[in-house]
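Mapping of the sequence shown onto mature numbering (1 follows the signal peptide of the UniProt record, and there is no 0): residues -26 to -1, 1 to 90, in sequence order. Here the structure is laid out as structure tokens; the discussion comes afterwards.
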Amino acid sequence: MDPRKITAIALPLVALAALLTFSSFANFKTDRNTGHPDQTVSSVISADKDSDNDGVTDSDDKCPNTPAGVQVGPDGCPVPQDPSADDTDGDGVPNAYDLCPNTPWGTPVDSHGCPR
């Protein structure tokens, strides 16, 4: 067989194997039904949890209790719906969600805008 054909077939398979191995998709658990030999084996795939359903998994979520319907950034924290949204104290938490709206500038805050 022509080595170019082997490479053309093998390369995409190797890339797919690497993707599945090194991505969070490969982070799954299986549950096998072991019983009578003619029973089927069932697998359950469970991805990382997202407790607040904001689209960011708990392992990557810096704001794990984001209220429902709030738009979040890649870190799971609220982002202003509009670039001109008010954030009076400049802590990165919009006034609409800031439980401590007068935090001193530069103070590290939690997902509610309150000092840590």
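Beta carbons: idealized from backbone N, C-alpha and C, even for Gly. None of the values given here were measured: they were computed from a predicted structure.
Own chain, CB closer than 6 angstroms to residue i, minus 5 neighbours either side, in chain order
i: CYS37; result: GLY50, CYS51 and SER85
i: ASN76; result: ASP63
i: LYS23; result: ASP32
Rounded straight-line distance, which links the Cα of residue j to that of residue i
i: LEU73; j: CYS88; result: 6 angstroms
i: ALA70; j: VAL44; result: 11 angstroms
i: GLY66; j: PRO78; result: 12 angstroms
i: ALA(-1); j: ASP61; result: Bear in mind that the predicted position of ALA(-1) carries a pLDDT of just 47, short of 50, making it unreliable; the figure below should be weighed with that in mind. Roughly 39 angstroms between the two C-alpha positions.
i: LEU(-14); j: ASP(-25); result: 17 angstroms
i: PRO82; j: ALA42; result: 24 angstroms
i: GLY80; j: ASP28; result: 26 angstroms
i: VAL30; j: PRO48; result: 7 angstroms
i: VAL46; j: LEU(-11); result: 30 angstroms
i: ILE(-21); j: PRO68; result: 56 angstroms
Three-state secondary structure (DSSP) of residue i
i: VAL(-13); result: helix
i: PRO(-24); result: helix
Counted within 10 angstroms of its Cβ, other Cβ atoms place residue i as buried (16 or more) or exposed
i: SER17; result: For SER17, the predicted structure reports a pLDDT of 48, less than 50, and the residue's modelled location is therefore unreliable. The matter cannot be settled from this model.
i: THR40; result: buried
i: ASP35; result: buried
Beta-carbon contacts of residue i that lie in its chain and below 7 angstroms, excluding the five residues immediately before and after
i: SER25; result: ASP32 and PRO38
Min CB distance residue i to chain D below 8 angstroms
i: THR(-20); result: In the structure shown, chain D cannot be found, because there is only a single protein chain.
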